[in-house]
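A.B. asks: To start, I am sharing the structure in question, which I have written as structure tokens.
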Amino acid sequence: MKKLFYIQLLFFVLSTSLSAKKIKKKVKSTNFIIILVDDMGYGDVGYHGALDMMTPNIDKLASEGTYFTQGYVNCSVCGPSRAGLISGRYPAKFGINGNFGANAKNGFPNDQPMLQDMLKEAGYKTGAVGKWHFGHAKEEFKPWKRNFDFFYGFLVGGHGYFWADTTYNAKKDNWPIYRNSEIVKYKRGDYLTDKFNEEAVGFIERNHDEPFFLYLAYNAVHYPWSVSENYLERVDANREHHFKYRRILAGMTLAIDDGVGEIMKTLEKHGIDENTAIFFLSDNGAPATIAGPTAINTGDHIMSKTNGLRGYKGDTYEGGIRVPFLVKWPEEVPAGKSYIEPVISIDIVPTITEYLGLQAPETGYDGVNLLPYLKGENKQSPHDYMYWRYQDDYAYRKGDWKLTWNDQEKVFHMTKDKVLDKKEIKPKLFNLKNDPYERHDMKEVYPDKYNELLEEFNAMDSQMSDAGLFKVPFNRVSGVE
Ligand SMILES: [Ca+2]
């Protein structure tokens, strides 16, 4: 009996020292929240001048942190953009070139670390709320198998806002919602963004006394565009909208903004707002699915706005890849500033992990730690170059110069233009400083610059997986004769 006691004691001491070792790794107790919205355009937040939107809480985050005037995502559509964000790498390097659709058999590779893998190892509580979209065909792809202690949301790439089935028999917009690995009974009529807000707040309430990481990935303001009446009433009481979809977008955006406000209140209530870092961004630029003739003339959109940037979601023109993007981090990042050098969503993971002193994965990062730049310790631009690809669209940016291929010549998707064959797509060279709206192709004027960027692009592109887990795209170098 005594022997058993000593064994138990030994086990206790060992396990205590083991957990102490784990806790010791937590060099700092900063909490991290990534708020990722879906398909919000550059011109859809108040602090970018959208006076017809109601985003007081998002604007407050911007005014209390640093916002990026050239904040990019690494891809112009949901799936790869999210894969890049959560890994700190260009997702084409590990085979993610497209969205995991409803029938996808693949998922995010298990040998590629995600942010929560590293933070959980360092002793963080990890929670994911919202849209998963990292694969759902096998158990190993699911959030509860990928080091999230808590999950509330759906596994696929999109969801309706007012109802979810408990089986996969319904149309895919209504596939199940999970709490951890259990399918929940969803009350018909509940607004999904409200549920995500509640669950995000609930996760913070349960974990405020220890370091946590919350990945809050709304599916709003993505299709199917719909919002509960109370948000529309508040929009109508404060804003005038003549276009019905812009009004709906304003309501959907307000629901997210309310969530941001509730999260801030919860952090303040527990006295952890000062040591919580919040990244807020959209996963890609404005979608062009609903629009009218005005959009062609102005290069802008009447539902979701790019503020005049060329192109939309799916393009490697600026409108597809430049998004609202900010960080509020009272301990480290100046408040009330804008930062004008280009940054990209794959910078978030190395910024967090390097701050915590966590070792980078063997695969390394393509993003960089932004803190020295945002604090003004390093006056250089964080990136020598940036690279994008999606299907037949590619881009490469170096300084103010950008080389870009886009498979539709017009700025506007709804026209029934023939989509160009890969061999027909000619790259364009823009100087973004002089021509931020990408109207003037300069490759004939600056052939040396064109050749320099083309050569560097080819070297970069050839490092990427070819078809990867998807049928498209092929590397530009190998795919074009
Ligand atoms: Ca998206």
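Numbering (the working numbering), first residue to last: 314 to 794.
Built from N, CA and C at the ideal position, the CB exists for glycine as well.
Remember, it's a predicted structure, so these values are computed and weren't measured experimentally.
(1) Helix, strand or coil for Met699, going by three-state DSSP, please let me know.
(2) Note down, in chain order, each residue of its chain lying with its Cβ closer than 7 Å to the Cβ of Cys391, except the 5 sequence neighbours on either side.
(3) Using C-beta distances below 6 Å, list every residue in its chain close to Lys756, excluding the 5 sequence neighbours before and after it, in chain order.
(4) Considering only C-alpha positions, which residue in the set Leu468, Lys498, Tyr465, Arg492 is nearest to Asp478?
(5) Does DSSP classify Arg560 as helix, strand or coil?
(6) Do three or more CB pairs link the segment 456–463 to the segment 434–441 at distances below 8 Å?
(7) Tell me where the alpha helix (DSSP H) around Gly411 begins and ends.
(8) According to DSSP, is Phe783 helix, strand or coil?
(9) In the DSSP assignment, the alpha helix (DSSP H) including Asp549 goes from what residue to what residue?
(10) To the nearest angstrom, how far is it from the Cα of Gly572 to the Cα of Ala375?
(11) If you scan the segment 392–474 from start to end, which runs of the beta strand (DSSP E) of 3 or more residues do you find wholly inside it?
(12) Looking only at C-alpha atoms, which of Asn493, Ile576, Tyr558, Ala483 sits nearest to Asp507?
(13) So, is Asp522 buried or exposed, given that buried needs 16 or more other C-beta atoms within 10 angstroms?
(14) Does the separation of the CB atoms of Ile371 and Val358 fall below 7 Å?
(15) Within this structure, are the beta carbons of Gly401 and Pro663 separated by less than 7 Å?
(16) Out of Asp679, Phe454, Leu716, Thr717, state which residue places its alpha-carbon closest to the alpha-carbon of Gln776.
(17) Within the same chain, show all residues whose beta-carbon is closer than 6 Å to that of Leu782, passing over the 5 residues directly before and after it, in chain order.
(18) Distance, Cα to Cα, Thr676 vs Thr619?
(19) Would you report the Cα separation of Leu684 and Tyr536, rounded to the nearest angstrom?
(20) If I follow the unbroken alpha helix (DSSP H) through Asn744, where does it start and stop?
(21) Would you identify the three-state DSSP class for Tyr686, choosing helix, strand or coil?
(22) Mapping the DSSP letters down to three states, classify Gly384 as helix, strand or coil.
(23) For ligand 1, I want to know if Cys391 counts as a neighbour, meaning its beta carbon is within less than 6 Å of at least one of the ligand's heavy atoms.
(24) With three or more C-beta pairs closer than 8 Å as the rule, is the segment 557–566 touching the segment 528–547?
(25) Ala772: which of Asp713, Lys746, Tyr698 sits nearest, CA to CA?
(26) State the CB to CB distance for the pair Ile634 and Trp701, rounded to an integer number of angstroms; the pair is presumed to be in contact (CB under 8 Å).
(27) Rounded to the nearest angstrom, what separates Gly466 and Ala396 at their Cα positions?
(28) Rounded to the nearest angstrom, how far is the Cβ of Leu639 from that of Ile346, given a contact under 8 Å?
(29) Bridge partners for Glu631 per DSSP, in chain order?
C.D. replies: Reading it off the structure:
(1) Within the sequence shown, the letter at position 386 stands for residue 699. Strand.
(2) Residue numbering aside, residue 391 sits at position 78 when the sequence shown is read from its first letter. Hits under 7 Å: Asp351, Asn412, His446, Gly470, Asp596, Asn597.
(3) Counted from its first residue, the sequence shown places residue 756 at position 443. Only Leu742, Tyr763 meet the Cβ criterion.
(4) Locating residue 478 in the sequence shown gives position 165, counting from the first residue. Here the closest residue by C-alpha is Lys498.
(5) Indexing the sequence shown from 1 puts residue 560 at position 247. The answer is helix: DSSP assigns Arg560 an H, G or I state.
(6) yes
(7) Along the sequence shown, read from residue 1 onward, the residue named residue 411 stands at position 98. No alpha helix (DSSP H) holds Gly411; DSSP gives it neither H nor E.
(8) To locate residue 783, count along the sequence shown from 1; it is residue 470. Coil.
(9) For this step, residue 549 is matched to residue 236 along the sequence shown. From DSSP, the alpha helix (DSSP H) with Asp549 extends over 542–551.
(10) Translated into the one-based positions of the sequence shown, residue 572 becomes position 259. Translated into the one-based positions of the sequence shown, residue 375 becomes position 62. Approximately 15 Å between the Cα atoms of the pair.
(11) 438–444, 463–467
(12) For the purposes of this step, residue 507 is taken as residue 194 along the sequence shown, with counting starting at 1. It is Ile576 whose Cα lies nearest to the Cα of Asp507.
(13) Within the sequence shown, residue 522 is the residue found at index 209, counting from 1. The residue is exposed, with fewer than 16 neighbouring Cβ atoms inside 10 Å.
(14) Position 58 of the sequence shown, counting from 1, holds the residue named residue 371. Position 45 of the sequence shown, counting from 1, holds the residue named residue 358. For Ile371 and Val358, yes; Cβs fall inside 7 Å.
(15) For the purposes of this step, residue 401 is taken as the residue at position 88 of the sequence shown. For the purposes of this step, residue 663 is taken as the residue at position 350 of the sequence shown. Yes, Cβ-Cβ distance for Gly401 and Pro663 is below 7 Å.
(16) Start at 1 with the first residue of the sequence shown, and residue 776 comes out as number 463. Considering only alpha carbons, the answer is Asp679.
(17) Position 469 of the sequence shown, counting from 1, holds the residue named residue 782. If we look at Leu782 and ignore the five residues flanking it on each side, its Cβ neighbours are Gly408, Asn419.
(18) Numbered from its first residue, the sequence shown carries residue 676 at position 363. Numbered from its first residue, the sequence shown carries residue 619 at position 306. Roughly 34 Å separates the two Cα atoms.
(19) By 1-based counting over the sequence shown, the position of residue 684 is 371. By 1-based counting over the sequence shown, the position of residue 536 is 223. So the alpha carbons of these two residues sit roughly 35 Å apart.
(20) On the sequence shown, position 431 is the one that residue 744 refers to. Run containing Asn744: none in the alpha helix (DSSP H); it sits in the beta strand (DSSP E), 741–744.
(21) Here residue 686 refers to the residue found at position 373 of the sequence shown. Helix.
(22) The residue given as residue 384 occupies position 71 in the sequence shown. Strand, per DSSP.
(23) What you label residue 391 is simply residue 78 of the sequence shown in a count that begins at 1. The answer is yes for Cys391.
(24) yes
(25) By one-based count along the sequence shown, residue 772 stands at place 459. Of the listed residues, the one whose Cα sits closest to Ala772 is Tyr698.
(26) The sequence position of residue 634 within the sequence shown is 321, counting from 1. The sequence position of residue 701 within the sequence shown is 388, counting from 1. Confirmed, about 6 Å.
(27) The residue labelled residue 466 in the question sits at position 153 within the sequence shown. The residue labelled residue 396 in the question sits at position 83 within the sequence shown. Each residue's alpha carbon lies about 17 Å from the other.
(28) Your numbering for residue 639 matches position 326 in the sequence shown. Your numbering for residue 346 matches position 33 in the sequence shown. About 12 Å separates the two Cβ atoms, so there is no contact after all.
(29) On the sequence shown, residue 631 is found 318 positions in, with the first residue counted as 1. According to DSSP, Glu631 bridges with nothing at all.
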